[in-house]
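Trainee:
In my numbering, the protein residues as written are 2 to 340.
This is the structure we're talking about:
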């Protein structure tokens with residue numbers, strides 16, 4: 002039973018639990034295997050391939066944590082486990098942007114942002130977050146570094162967390178704005194509603210995890226464990242007790258992965274971005290799809306294409322208004338309105 006006291010020689014602060022990492026490693030392998038099968042079954046590697054990768058990161062991270070539990074003075078094992086576990090949650094959020102982009106493709110005419118620009122912009126932001134996470138986690142985990150460098154690591158991770166908060170808020174804002182527009186214009190399709198519901202739940206789970214990490218980092222930011230006479234019992238309980246990590250990191254992210262198993266996006270969203278819903282809210286149409294006519298940097302720094310709107314170019318990128326689009330036979334009214 003944990004007592005919140007420092008274990009002499011432990012780089013983890015406490016003596017890590019030896020059973021929990023085994024459970025979570027097996028659980029993440031299982032949910033990752035299901036995601037792998039689903040990606041093959043639905044042919045959705047581009048849309049949901051990150052689910053498999055995230056589960057793999059967690060599984061390997063917990064395997065290393067299990068090894069470290071038997072040698073809790075081993076610094077390289079601690080660093081490897083921390084870096085792998087920290088890397089996965091931002092990628093889950095990036096995967097949510099993939100899904101949001103696909104939802105916007107399905108009903109493009111009510112999207113607050115051109116569907117083709119969602120992934121480009123937020124993938125770039127996620128890349129920055131991952132870089133900050135990687136460097137920051139390696140700095141704080143390596144306790145042989147100078148205190149100044151460890152504090153730099155905490156600052157980098159706090160910056161990454163703030164960016165994650167912003168990204169999640171933007172995702173929910175975009176999704177909610179889109180959802181409201183659909184409802185106001187009579188689009189109450191089960192595929193749209195169910196896919197968005199999954200997105201909302203997943204984002205809420207990741208947000209709770211981010212809040213936990215933010216409290217942890219900001220609590221530890223001012224701690225200087227190398228100072229003479231430092232009392233480790235004054236450190237925040239979030240750091241001194243391992244169960245916080247297993248509840249707010251390991252369990253929450255496992256629930257998120259299982260949620261995406263049960264409510265897999267391809268259960269509702271079409272395989273191709275060229276298929277979208279007609280304005281009657283029932284018929285699905287096969288069109289030409291998005292044609293990206295702008296350079297990458299222009300898309301990155303001006304995702305709403307404000308310059309194009311001013312110049313009138315935005316009208317030419319509305320692929321859903323192409324008169325050559327063909328209607329498909331998917332007009333089942335029972336699927337059109339969510340019961």
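Using N, Cα and C, we set each Cβ at its ideal position, and we do this for glycine too.
1. So residue 277 is in the beta strand (DSSP E); what residue range does that whole segment cover?
2. Which of the three DSSP states is assigned to residue 118 in this structure?
3. Can you tell me where the alpha helix (DSSP H) holding residue 241 begins and where it ends?
4. When burial is assigned at 16 or more other CB atoms within 10 Å of the CB, is residue 109 buried or exposed?
5. For residue 200, I'd like the list of residues in its chain whose CB is within less than 7 Å of its CB, leaving aside the five on either flank, ordered along the chain.
6. Measuring only the C-alpha atoms, how far is residue 41 from residue 271?
7. Considering only the beta carbon of each residue, do residue 143 and residue 76 sit closer than 8 Å?
8. Step through the CB atoms of chain E and report whether any lies within less than 8 Å of the CB of residue 283.
9. To the nearest angstrom, how far is the alpha carbon of residue 274 from that of residue 246?
10. Based on Cα-Cα distance, which residue from 258, 268, 264, 213 lies nearest to residue 243?
11. Looking only at its chain, what residues have a beta carbon closer than 8 Å to the beta carbon of residue 85, apart from the 5 residues adjacent to it on each side?
12. Where does residue 44 land, buried or exposed, given buried means 16+ other C-beta within 10 angstroms?
13. With contact counted as at least three CB pairs below 8 Å, one residue from each stretch, are the region 177–186 and the region 111–127 in contact?
14. Could you tell me the distance, in whole angstroms, from the CA atom of residue 237 to the CA atom of residue 24?
15. Considering just the uninterrupted stretch of the alpha helix (DSSP H) at residue 265, what are its terminal residues?
16. Taking Cβ positions, are residue 95 and residue 127 nearer each other than 8 Å?
17. Between residue 22 and residue 67, how many whole angstroms is the CB-CB distance? I'm expecting something under 8 Å.
18. Residue 148 lies in the alpha helix (DSSP H); which residues open and close that run?
19. Look up residue 140 in the DSSP assignment and say whether it is helix, strand or coil.
20. Spatial neighbours of residue 49 within its chain, please: C-beta separation below 6 Å, excluding the five flanking residues on both sides.
21. How would you label residue 134, buried or exposed, when you count the other beta carbons within 10 angstroms and need 16 or more for buried?
22. Could you give the C-beta distance for residue 288 and residue 188, rounded to a whole number, given that I count them as a contact under 8 Å?
23. Report buried or exposed for residue 130, applying the criterion of at least 16 other Cβ atoms within 10 angstroms of its Cβ.
24. Please report the straight-line C-alpha distance between residue 173 and residue 204, rounded to a whole angstrom.
25. Let me know the alpha helix (DSSP H) ranges lying completely inside the region 2–73, each 4 residues or longer, listed in chain order.
26. Just the C-alpha distance for residue 351 and residue 249, rounded to the nearest angstrom, thanks.
27. Between residue 93 and residue 52, what straight-line distance do the alpha-carbon atoms span, to the nearest angstrom?
28. So which of 284, 179, 208 has the shortest CA-CA distance to residue 194?
29. Out of 46, 11, 54, state which residue places its alpha-carbon closest to the alpha-carbon of residue 78.
30. Hey, could you find the ends of the alpha helix (DSSP H) residue 97 is sitting in?
31. Residues in the same chain with beta-carbon distance under 7 Å from residue 382, minus the five sequence neighbours each way, listed in chain order, please.
32. Straight-line CA distance for residue 160 to residue 70?
33. Is it buried or exposed for residue 132, if we count other Cβ within 10 angstroms and need 16 for buried?
Mentor: Checking against the coordinates, here is how it stands:
1. The residue labelled residue 277 in the question sits at position 276 within the chain shown. In this chain, the beta strand (DSSP E) harbouring residue 277 covers 276–278.
2. Taking the first residue of the chain shown as position 1, residue 118 is located at position 117. Correct three-state label for residue 118: helix.
3. Within the chain shown, numbered from 1, the residue matching residue 241 stands at position 240. Boundaries of the alpha helix (DSSP H) around residue 241: 238–241.
4. In the chain shown, counting from the first residue as 1, residue 109 sits at position 108. Result: buried.
5. As a working mapping, residue 200 is identified with position 199 in the chain shown. Non-local beta-carbon contacts of residue 200 in its own chain, meaning distances under 7 Å to residues more than five positions away in sequence, involve 97, 100, 101, 176 in chain order.
6. What you label residue 41 is simply residue 40 of the chain shown in a count that begins at 1. What you label residue 271 is simply residue 270 of the chain shown in a count that begins at 1. So the two alpha carbons sit approximately 15 Å from each other.
7. The count along the chain shown starts at 1 and reaches residue 143 at position 142. The count along the chain shown starts at 1 and reaches residue 76 at position 75. Yes, these two residues count as a Cβ contact at 8 Å.
8. Of the protein chains in the structure, only one exists, and it is not chain E.
9. Stepping through the chain shown from its first residue, residue 274 is reached at position 273. Stepping through the chain shown from its first residue, residue 246 is reached at position 245. Roughly 38 Å between the two C-alpha positions.
10. Taking the chain shown and counting its residues from 1, one reaches residue 243 at position 242. Closest by alpha carbon: 213.
11. As a first step, residue 85 must be located in the chain shown, where it is residue number 84. Within the same chain, and ignoring the five residues on either side of residue 85 in sequence, the residues whose Cβ sits closer than 8 Å to its Cβ are 58, 59, 61, 62, 65.
12. Here residue 44 refers to the residue found at position 43 when the chain shown is read from its first residue. Under the 10 Å beta carbon count, residue 44 is surrounded by fewer than 16 other beta carbons and is classified as exposed.
13. A contact between stretches requires three or more CB pairs, one per stretch, nearer than 8 Å, and the region 177–186 meets this requirement with the region 111–127.
14. On the chain shown, position 236 is the one that residue 237 refers to. On the chain shown, position 23 is the one that residue 24 refers to. The straight-line gap from Cα to Cα measures roughly 26 Å.
15. Residue numbering aside, residue 265 sits at position 264 when the chain shown is read from its first letter. No alpha helix (DSSP H) holds residue 265; DSSP gives it neither H nor E.
16. Position 94 of the chain shown, counted from the start, is the residue given in the question as residue 95. Position 126 of the chain shown, counted from the start, is the residue given in the question as residue 127. Taking the C-beta atoms as reference points, residue 127 is found nearer than 8 Å to residue 95.
17. The residue you call residue 22 lines up with position 21 of the chain shown. The residue you call residue 67 lines up with position 66 of the chain shown. About 4 Å separates the two Cβ atoms, so the contact holds.
18. Locating residue 148 in the chain shown gives position 147, counting from the first residue. 148–185 is the extent of the alpha helix (DSSP H) around residue 148.
19. Translated into positions along the chain shown, residue 140 becomes position 139. Residue state, collapsed to three classes: helix.
20. Walking along the chain shown from the start, residue 49 turns up at place 48. These residues qualify, in order along the chain: 40.
21. Here residue 134 corresponds to residue number 133 of the chain shown, with the count starting at 1. Answer is buried; the Cβ neighbour count reaches 16.
22. Counting from 1 along the chain shown, the entry for residue 288 is found at position 287. Counting from 1 along the chain shown, the entry for residue 188 is found at position 187. For residue 288 against residue 188, the beta-carbon gap comes to about 17 Å, at or over 8 Å, which does not count as contact.
23. As a first step, residue 130 must be located in the chain shown, where it is residue number 129. The residue in question, residue 130, is buried, as its Cβ has 16 or more Cβ neighbours within 10 Å.
24. Indexing the chain shown from 1 puts residue 173 at position 172. Indexing the chain shown from 1 puts residue 204 at position 203. For residue 173 and residue 204, the distance between alpha carbons rounds to 8 Å.
25. As far as the region 2–73 is concerned, its whole alpha helix (DSSP H) runs of at least 4 residues are 21–43, 46–70.
26. Residue 351 lies beyond the range of the chain shown here (2 to 340); nothing can be said about it.
27. Start at 1 with the first residue of the chain shown, and residue 93 comes out as number 92. Start at 1 with the first residue of the chain shown, and residue 52 comes out as number 51. About 7 Å.
28. By 1-based counting over the chain shown, the position of residue 194 is 193. Just measuring C-alpha positions, the residue of 284, 179, 208 sitting nearest residue 194 is 179.
29. The count along the chain shown starts at 1 and reaches residue 78 at position 77. Considering only alpha carbons, the answer is 11.
30. As a position in the chain shown, residue 97 is number 96, starting the count at 1. 76–107 is the extent of the alpha helix (DSSP H) around residue 97.
31. Residue 382 is absent from the structure shown; the chain starts at 2 and stops at 340.
32. In the chain shown, counting from the first residue as 1, residue 160 sits at position 159. In the chain shown, counting from the first residue as 1, residue 70 sits at position 69. Distance between the alpha carbons of residue 160 and residue 70 is about 30 Å.
33. Taking the chain shown and counting its residues from 1, one reaches residue 132 at position 131. Flag for residue 132 reads exposed.
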